[in-house]
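Participant:
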Amino acid sequence: MSKSIISYGVYLPYLRIKRDEFLSALGSCSAAMKEKTVMDIDEDVTTMAVEAARNALAGLDISRVGVLTLASTNFPYQEKEMAGTMVEALGLSNNVLSAQHANSTMSGTQAILSALGLMDQNDQPYALVVVSDAPTSAAHVDLENGFGAGACAFVLAKDEPGLAYEGVFGYSTEAMGLRYRLPGETDMRDIGVKAYATQDYNETVKAAVSGLMEKTGRKLADYNHVILHQSDAKTAAALAKKMGCTEEQTKGGQVFAQLGDTGAGAPLLALCRVLDVAANGDHILVCSYGSGSGSQALSFKLEKSLVAQTNKPMQAALEYKKYISYVQYLKLKRSI
Amino acid sequence: MGAHISIPMYQRAVPQRYRLIGQRCQSCGRINFPPKAVCKYCLQGTTFENVQLSGKGTIYSYTIIAGGGAPPEFAAEARCKGSYPVAIIQLEEGPRVIAQVVNPPEEGITIGMPVRAVFRKIYEEEGVTRYGFKFSPA
Ligand SMILES: [Zn+2]
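Chains as they are written, first to last, in UniProt numbering: chain H, 1 to 336; chain X, 1 to 138.
1) Classify residue 26 (chain X) as buried or exposed, calling it buried when 16 or more other Cβ atoms lie within 10 Å of its own Cβ.
2) With hydrogens ignored, establish whether the beta-carbon of residue 22 (chain X) is closer than 8 Å to any heavy atom of ligand 1.
3) Does at least one heavy atom of ligand 3 sit under 8 Å from the Cβ of residue 45 (chain X)?
4) Would residue 130 (chain X) pass as a contact of residue 10 (chain X) if the rule is Cβ separation under 9 Å?
5) Have a look at H:292, H:218, H:293 and flag the residue whose alpha-carbon is nearest the alpha-carbon of residue 283 (chain H).
6) Expressed to the nearest angstrom, what Euclidean distance is found between the alpha-carbon atoms of residue 145 (chain H) and residue 50 (chain X)?
7) Just to confirm the assignment, what range does the alpha helix (DSSP H) spanning residue 198 (chain H) have?
8) Near residue 266 (chain H), what residues of its chain come up, given a Cβ to Cβ distance below 6 Å and the 5 sequence neighbours on each side ignored?
9) Round the Cβ separation of residue 11 (chain H) and residue 127 (chain H) to the nearest angstrom and send it over; I've been treating them as touching at under 8 Å.
10) Does the beta carbon of residue 12 (chain X) come closer than 9 Å to any beta carbon on chain H?
11) Specify, as a first and last residue, the run of the alpha helix (DSSP H) that residue 54 (chain H) falls within.
12) Among the candidates H:33, H:68, H:7, H:6, whose CA atom is the shortest distance from the CA of residue 18 (chain H)?
13) Is residue 30 (chain X) near ligand 1 - that is, is its Cβ less than 8 Å away from at least one heavy atom of it?
14) Please confirm if residue 14 (chain H) has its CB atom under 9 Å from at least one CB of chain X.
15) Does the separation of the CB atoms of residue 30 (chain H) and residue 133 (chain H) fall below 9 Å?
16) Quick one: measure Cβ to Cβ for residue 149 (chain H) and residue 56 (chain H), integer angstroms, because I've assumed they're closer than 8 Å.
17) What residue range is occupied by the uninterrupted alpha helix (DSSP H) comprising residue 326 (chain H)?
18) So residue 15 (chain X) contacts chain H; which residues on that side make the cut at Cβ distance below 8 Å?
19) Do you know offhand how far residue 58 (chain H)'s Cα is from residue 71 (chain H)'s?
20) Would residue 100 (chain X) pass as a contact of residue 135 (chain X) if the rule is Cβ separation under 9 Å?
21) Could you tell me whether the stretch 302–313 of chain H touches the stretch 157–171 of chain H, using the rule of 3 or more Cβ pairs below 8 Å?
22) I need the DSSP call for residue 32 (chain H), collapsed to helix, strand or coil.
23) Name the chain X residues whose beta carbon is nearer than 7 Å to that of residue 76 (chain H)?
24) What's the call for residue 20 (chain H), buried or exposed, on a 16-neighbour Cβ count within 10 Å?
25) Return the residues of the stretch 33–44 of chain H that lie within a Cβ-Cβ distance of less than 9 Å from chain X, sorted by chain order.
26) Can you tell me whether DSSP reads residue 272 (chain H) as helix, strand or coil?
27) When you compare only the Cα positions, how much space is there between residue 109 (chain X) and residue 62 (chain X)?
28) For residue 42 (chain X), does the count of other Cβ atoms within 10 angstroms reach 16, so buried, or fall short, so exposed?
29) Can you name the residues of chain X whose CB is closer than 8 Å to the CB of residue 310 (chain H)?
30) Sorted by chain position, which residues of the same chain lie with C-beta nearer than 6 Å to residue 116 (chain H)'s C-beta, five sequence neighbours on each side aside?
31) Is there at least one Cβ from chain H nearer than 9 Å to residue 1 (chain X)'s Cβ?
32) With a CB to CB cut of under 6 Å and the five nearest residues on each side skipped, what residues in its chain are close to residue 1 (chain X)?
33) Residue 8 (chain X): which of X:133, X:128, X:138, X:137 sits nearest, CA to CA?
34) Return the residue from the list H:91, H:112, H:239, H:28 that minimises the CA-CA distance to residue 20 (chain X).
35) Could you check which residue in H:100, H:63, H:67 has the C-alpha nearest to that of residue 81 (chain H)?
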């Protein structure tokens, strides 16, 4: 049985802050985005997830959704099923198989993979995957400067044309002291050795991508779009170049400059950006990364463009915005 | 000014608060929102059919809450924003509802302005987030 993504939806907070605001307020900014998304005081991972899901489900028969998987590194509750809120907000059948994936920026691709598996466990043709994230730390933590927020959602279907899923290669290894958070803490920690972090990212992501190439018998050059997890601007671009990717292959999925680090959402919001412009027949590679560490490389082929169904949601979301000052930013974070 | 709504009471209203489920009166055919025990239009109908409202509407009237005018559950929001708009929304299906307006346009809210329902946190009490609808420019 073939499985494809037949629809996608995006939600980005309306509020944005420019990097210049950090520079003029603090004299520095640890992240190299141009601007980033900021949640309003009445937004959280759940509200963003509902809006992205509504966009993805528009025009579809929601009674056919039998699977709901969710991903975030920052669910509003540490214990409480968010799927229940989603089911009621969206009007989905209460008889859904649900799964939540957390604790890692790799959880977005995990949610797609678990949906693909759960779809075999019931008769309904659709699965809804929602990845919504807003990594958070206190304003004085360096990593915080780059943290953005956003959500995307995908409807997966059995035996319907769309973005066809072709396969995955997963790679996991031990990497200590990189971007970790203890129970009950909101501030992210990191031992802060950039060369060590970059080396782990490079080795882990490369292992997943090479594994996938070996498994599928393809070369990276066969992919029209290559998306490597972006938790900063430069590391992903440098690795792609080192692996022989052209700018043509990587430019479609650049989102960090406009969103900042969207955690688990990063590779999948990038996928939405690619889906806005991809052509029928395009091969797309999506590779996630989670510190700790692990990586999953997924292969897709676009059999039928999804743009008509969704009306370029990423482009529209990027254009709808209002800039705030650093002081307003601190107020929204309840820092002042 | 704040009105405590218990968790079980809020829970019973989840379909209307989370996804705007209204009810069509079987006697007169008009749509009640929020749902009522007796139809507010014909004052007779007591049997209803659930209907999914579109969430589309227009601004019928509005006010700006500022300067300590916010009920306690919205105090944090008022402190953060200085002020926030609350409107009476004329829904496409007929009923009028009171709700906050998010992302108001720079030039201000206007009567007749088209809006659409969005899912937001309404307030938090007992550590429990109460979700529901607000309206955003359409
Ligand atoms: Zn009636």
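Think of the CB as a built atom: it goes at the ideal place given N, C-alpha and C, for glycine as much as any other residue.
Facilitator: Short version:
1) exposed
2) no
3) This structure does not include ligand 3; its bound ligands are ligand 1.
4) yes
5) The shortest C-alpha separation from residue 283 (chain H) is found at H:218.
6) 47 Å
7) 194–216
8) Same-chain partners within the cutoff: 229, 230.
9) The pair is not a contact, with the Cβ atoms about 19 Å apart (cut-off 8 Å).
10) no
11) 45–57
12) H:33
13) Under cutoff, so the answer is yes.
14) Contact of residue 14 (chain H) with chain X is assigned, a C-beta pair being separated by under 9 Å.
15) no
16) Not really, about 18 Å apart at Cβ, beyond 8 Å.
17) 326–332
18) What residue 15 (chain X) touches in chain H, judged by beta-carbon distance under 8 Å, is 88, going in chain order.
19) 21 Å
20) yes
21) yes
22) coil
23) 129
24) exposed
25) For the stretch 33–44 of chain H, the residues whose beta carbon sits under 9 Å from a beta carbon of chain X are, in order, 40, 41, 42, 43, 44.
26) In this structure, DSSP gives residue 272 (chain H) a helical state, which the three-state scheme calls helix.
27) 8 Å
28) exposed
29) Simply none; closest approach about 17 Å.
30) 3
31) Because the pLDDT of residue 1 (chain X) is 38, which lies under 50, any placement of that residue in the model is unreliable, and the question is left without a value.
32) For residue 1 (chain X), the predicted structure reports a pLDDT of 38, less than 50, and the residue's modelled location is therefore unreliable. The matter cannot be settled from this model.
33) X:128
34) H:91
35) H:100
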